[in-house]
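Sequence lines, in order, name chains D and U.
In terms of numbering that gives the first Met the number 0, the first sequence opens at residue 0 and continues consecutively.
In terms of numbering that gives the first Met the number 0, the second sequence opens at residue 0 and continues consecutively.
Report on the following structure.
There are 2 protein chains.
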Amino acid sequence: MSKNDTVKYAILGLLNMEPMSGYDIKKHIETGIKHFWNMSYGSIYPRLNKLTQEQLVTKKIINQEGKPNRIIYSITEKGEDELYGWQTQGTEIAQKYDTLLLKIFISQNLSRDEQIALINDYREKIEEKFLFFKKSESDFLKKSYESEKRFLYYITLRSGILNYEAKLKWMDETLELLEKYDK
Amino acid sequence: MSKNDTVKYAILGLLNMEPMSGYDIKKHIETGIKHFWNMSYGSIYPRLNKLTQEQLVTKKIINQEGKPNRIIYSITEKGEDELYGWQTQGTEIAQKYDTLLLKIFISQNLSRDEQIALINDYREKIEEKFLFFKKSESDFLKKSYESEKRFLYYITLRSGILNYEAKLKWMDETLELLEKYDK
DNA sequence: ATTTACATGTAAGGGGTTACATGATTGA
DNA sequence: TCAATCATGTAACCCCTTACATGTAAAT
């Protein structure tokens with residue numbers, strides 16, 4: 000078992016939004032969140048069986064004619080509990096930005112305060128990195144480009160700055176929306 | 000052999016900037032580009048040996064006392080040719096943004112026109128995605144949030160928009176810099 | 001006194017994707 | 001008529017990271 004099993008929680012989180020089949024899960028990903036999250040059938044189906052064994056989900060088979068039967072999975076109470084633990088665990092455990100996005104996407108079961116805490120927590124980490132990059136930039140700009148090598152370094156440094164800037168901007172506007180629209 | 004062996008070209012690209020050891024390669028990554036590119040020793044050292052066998056690099060051993068010997072790798076002409084082919088191959092082969100950043104970072108051997116072509120090529124792909132997301136957003140905004148689920152979908156959609164916006168911004172400012180500063 | 005830097009390398013393990021298998025139905 | 005959609009599932013494979021092995025010297 001790994002410390003950071005995102006596939007597990009991604010599936011649990013989607014099933015927590017509504018019961019569905021493995022096929023549906025893939026559908027949901029394709030149409031809505033594939034810009035930050037993706038999983039193949041080769042990850043989804045075996046994991047769904049494992050989650051059933053672990054009693055974190057239950058399955059109900061819907062018979063169909065001419066097509067394979069649909070297997071609808073629902074999250075159990077035990078599953079909800081484990082999911083909740085993961086959702087509300089902050090950044091002690093190193094997380095990617097994409098994982099934060101996933102957590103937010105599946106956060107309908109959380110309170111506004113919990114959602115806000117998640118983002119605030121992550122925001123600090125990003126701001127730190129952002130400031131480090133800004134510092135690097137101003138250090139760099141004390142001298143001019145000098146060489147092509149340094150010029151190219153500067154260009155990619157800029158990409159980091161713009162990237163962190165966009166993340167901060169998203170977090171700020173999201174915090175505002177979360178505070179504005181009560182549940 | 001895989002179609003898209005980025006580790007290979009990342010190493011070749013760094014060696015093309017200057018001859019160095021595996022340890023140096025890791026150093027360079029850590030201090031300069033780890034925000035978009037990373038490789039562990041477990042990737043670097045075995046690959047360096049493979050590249051030597053393929054005659055894409057040559058090695059020179061520097062004897063040291065009290066420390067293990069340094070092995071300095073240099074790219075060969077054959078290596079340069081293969082690297083150049085990869086560097087200038089456009090987006091026919093699906094590439095990540097991070098791969099574009101790597102290509103730009105190691106592009107000192109390319110002409111300004113070649114560098115500009117690389118970015119212009121990629122820019123089109125990103126703009127397409129960006130416009131698709133903007134369209135999704137305006138479709139969404141025709142109705143109001145309605146449900147928490149839709150609200151959360153909207154929020155993550157915004158993250159996509161801001162992310163693509165940042166990438167476009169970087170490409171535009173980079174194109175400007177590349178045009179402004181002749182080699 | 002202990003950690004960090006130097007320096008190379010391997011082995012095990014983990015985690016995922018791609019491709020394949022199967023097969024009817026619907027849409028272009 | 002050909003591709004795509006529906007629907008589940010497995011097996012092979014790929015590729016990478018983590019941890020370990022080894023050992024000196026400098027820095028704190």
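Note that the Cβ used here is the ideal one computed from N, Cα and C, for glycine as well.
Residue i and residue j closer than 9 Å at C-beta
i	j	result
residue 70/U	residue 58/U	yes
residue 35/D	residue 159/U	yes
residue 180/D	residue 144/U	yes
residue 96/U	residue 20/U	no
residue 154/U	residue 5/D	no
residue 178/D	residue 111/D	yes
residue 165/U	residue 161/D	yes
Sequence-distant residues of its chain with Cβ nearer than 7 Å to residue i (five each side left out)
i	result
residue 104/D	32
residue 86/D	102, 106, 109
residue 77/U	54, 55
residue 60/D	68, 70
residue 37/U	28
residue 8/D	82, 85
residue 113/U	87
residue 163/U	125, 128, 129, 132
Residue-level contact to chain D via CB, residue i, 9 Å cutoff
i	result
residue 28/U	no
residue 87/U	no
residue 130/U	no
residue 173/U	yes
residue 32/U	yes
residue 121/U	no
residue 93/U	no
residue 139/U	no
residue 106/U	yes
residue 144/U	yes
residue 19/U	no
residue 55/U	no
residue 147/U	yes
Residue i versus residue j: straight-line alpha-carbon distance, rounded
i	j	result
residue 41/U	residue 16/D	40 Å
residue 89/D	residue 82/U	42 Å
residue 10/D	residue 128/U	26 Å
residue 47/D	residue 51/U	44 Å
residue 184/U	residue 167/U	An answer regarding residue 184/U cannot be provided, because it is not within the stretch 0 to 182 covered by chain U.
residue 25/D	residue 13/D	10 Å
residue 118/D	residue 126/D	12 Å
residue 18/D	residue 148/U	14 Å
residue 79/D	residue 30/D	25 Å
residue 142/U	residue 130/U	19 Å
residue 116/U	residue 169/D	30 Å
residue 137/D	residue 152/D	13 Å
residue 123/D	residue 171/D	12 Å
residue 182/D	residue 49/U	58 Å
residue 22/D	residue 140/U	28 Å
residue 39/D	residue 66/D	21 Å
residue 64/U	residue 146/D	34 Å
Same chain only: Cβ atoms within 6 Å of residue i, ignoring 5 sequence neighbours per side
i	result
residue 99/U	121
residue 62/D	68
Identity of the residues DSSP links to residue i by a beta bridge
i	result
residue 6/D	Answer by DSSP bridge pairing: none, since residue 6/D is not bridged.
residue 58/D	72/D
residue 170/D	The partner list for residue 170/D (beta bridge, DSSP) is empty, contrary to what the question assumes.
residue 19/D	72/D
Within-9 Å CB hit, residue i to chain U
i	result
residue 65/D	no
residue 155/D	yes
residue 127/D	no
residue 83/D	no
residue 161/D	yes
residue 73/D	no
residue 115/D	no
residue 100/D	yes
residue 180/D	yes
residue 133/D	no
Same chain only: Cβ atoms within 8 Å of residue i, ignoring 5 sequence neighbours per side
i	result
residue 135/U	156
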